Structures are given as C-alpha cells and as structure tokens.
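Everything on this sheet refers to the single structure shown next.
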Amino acid sequence: MTLSTTTIDRIVANVLSQLSTPDEPVHEVSPSPEEARQPPQHQLSNNVITAEQLESIPAGQTVFVPTKAIITPAAVDVVRERKLTIERTSHSPESQQSKATNQAATSNHLSIAIVRHTENVQQAIAELGDVNKELVSCPDDAAKFAISELCRTGAGTVLIFAEQTHRAACLTNRNSKAKAVVANDSGEVKKIRKQLRANVWCIDPTNRSYFELKNLLKVICSK
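Sequential numbering of the sequence shown, starting at 1, is according to UniProt numbering.
Pasting the structure below:
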C-alpha cells in the first residue's frame with residue numbers, strides 16, 4: 001500500500017506532537033510527621049573511628065559508635081566541622097527503640113492484689129481488661145505481692161483491695177521501689193498525684209458501690 005505525501009506528513013506531525021507533550025508532573029511523597037521528626041542516624045561498629053569513615057556522613061547527623069571505640073584526632077576534627085553528634089552505645093538504634101517500647105509497655109502494666117473481695121470489686125476490675133490479679137489472705141501477703149510485682153515484673157501500678165489499707169501501704173513502703181498510698185476517692189487521688197508518683201494504691205472496698213469503684217479505678221489508671 002502506497003501512502004500519499006499528505007498522509008505521511010500527518011502521521012509524522014502526530015508523532016512529533018506526542019513526543020513534544022510535556023511529561024506528567026512527578027509528585028513527591030512528603031515524609032510522614034513521624035519520619036520527619038526522627039533525626040538521621042548512622043552506626044559504625046569499628047573499634048577505631050577514623051576521619052575517612054565520618055567524611056561520607058552528611059552534616060548534622062547522629063553517629064552511633066561502640067562504647068569503647070577510639071576516635072582519632074582527625075575524626076574529632078571532622079565531627080566538629082560537620083557538626084556530627086557521636087553517641088557511644090552498646091546497642092543499635094533499633095535496639096534502643098525496642099528497649100524504649102518495652103519500658104513503655106512495662107509502665108502500663110497493672111497488677112491487683114485482693115484481700116477483701118466483693119462482687120462490686122470483681123465487676124469493676126473486670127472492665128480493666130487482662131490484668132494480673134491474685135487473691136491473698138491478708139494485707140501482709142498483699143504487700144509482698146505488690147513488692148514482687150514492682151521488682152520482678154516491673155509493674156507500673158499495683159492495686160490492693162483490703163480493709164486494712166494503712167497496714168498494707170506501710171508494709172509495702174518498706175521496699176525502696178514502692179510508693180504506696182491509701183486512696184479513698186478520686187479527689188484524693190488527684191491531690192496525691194500532685195505531691196508524689198504513687199505506684200501502689202490501697203483501697204478499702206467495704207460498702208463501696210460498683211460505680212464508686214469504677215470511677216476511682218478510672219482516675220487511678222488514667223495517668
């Protein structure tokens with residue numbers, strides 16, 4: 001098939017028109033706020049940190065090096081010139097982040113010792129979800145439980161339900177990690193929080209309604 005000159009010119013013109021069409025704009029993906037807040041980090045595992053190793057790292061960034069690493073004088077000059085931050089650590093940034101996550105999880109851990117058990121107590125603590133709770137026979141055992149939870153599992157908060165609240169608090173406070181107090185109502189909890197960081201709360205549930213206990217636990221657990 002023979003194409004006419006006019007047809008050929010039209011085909012060429014269409015091709016040139018398509019080639020001359022500007023490319024679609026490239027949309028840049030902005031980093032998320034979380035990524036933007038995190039400072040750039042680098043890690044060097046060498047026992048001797050030299051200037052050559054640091055020269056490839058952009059200015060203003062954080063460099064993690066082994067705790068006992070030796071930094072040469074020339075490397076010190078590079079750190080100063082590039083305004084680098086040297087962090088000596090035996091863990092990688094990822095490990096530090098995991099450790100921080102574990103600490104946060106531990107601080108939210110709740111344990112409960114129950115000496116005085118009532119239906120209202122059972123109903124109120126049931127709404128707290130999956131918590132470590134134990135029935136004990138006396139305030140002395142409740143204090144031992146609280147101390148064990150603070151020291152062994154690193155519990156952030158321990159609740160003790162007992163009639164002899166002051167005895168339970170006094171025995172618990174024999175341990176240096178414990179800051180046990182007696183909590184009678186939500187207003188008292190707020191006053192206590194302004195004065196110290198209590199981590200063991202002793203509550204007498206006698207003649208307390210479900211709603212009273214629920215509101216009290218809500219204030220205690222809302223750090």
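For every residue, glycine included, the Cβ atom is placed at its ideal position computed from N, Cα and C.
Given the structure is predicted, the values throughout are model-derived calculations rather than measurements.
> Which residues in the same chain as Pro139 place their Cβ atom closer than 7 Å to its Cβ, once the five residues preceding and following it in sequence are excluded?
Replying inline: Val115, Ala162, Gln164, Arg167, Ala168 and Leu171
> Using 8 Å as the Cβ pair cut-off and three pairs as the minimum, do the stretch 118-125 and the stretch 206-213 touch?
Replying inline: yes
>> I'd like the ranges of any alpha helix (DSSP H) spanning at least 4 consecutive residues and lying wholly in the stretch 127-207.
In response: 139-148, 165-172 and 186-195
>> With three or more C-beta pairs closer than 8 Å as the rule, is the stretch 184-197 touching the stretch 133-150?
In response: no
> Taking 7 Å as the cut-off, does the CB of Asp140 come closer than this to any heavy atom belonging to the ligand GDP?
Replying inline: With respect to the ligand GDP, the structure shown offers nothing to examine, as it has no ligands at all.
> In this structure, what does DSSP give as the bridge partners for Ala113?
Replying inline: Glu134 and Ile160
> Using a Cβ-Cβ cut-off of 8 Å (strictly less than) and excluding sequence neighbours within five positions of Leu150, which residues of its own chain qualify?
Replying inline: Val158, Asn175, Lys177, Ala178, Asn199 and Val200
> Per DSSP, which one or two residues make a beta bridge with Phe64?
Replying inline: Gln43 and Glu87
> Mind checking Lys99: buried by the 16 CB within 10 Å criterion, or exposed?
Replying inline: Because the pLDDT of Lys99 is 46, which lies under 50, any placement of that residue in the model is unreliable, and the number read from its coordinates should be weighed accordingly. Exposed, since its Cβ has fewer than 16 Cβ neighbours within 10 Å.
> Taking DSSP as the reference, what is the three-state secondary structure of Ile220?
Replying inline: helix
>> Suppose the cutoff is 6 Å on Cβ atoms and the five residues either side in sequence are ignored; what does the same chain contact list for Thr101 look like?
In response: Since pLDDT at Thr101 reaches only 44, below the 50 mark, its modelled position is unreliable, and no value is offered.
> What separation, rounded to the nearest whole angstrom, lies between the Cα atoms of Val219 and Ser137?
Replying inline: 27 Å
> What's the call for Ile125, buried or exposed, on a 16-neighbour Cβ count within 10 Å?
Replying inline: buried
> How big is the Cα-Cα spacing for Lys68 and Ser90?
Replying inline: 9 Å
> Is it true that the CB of Val48 sits closer than 8 Å to the CB of Glu87?
Replying inline: no
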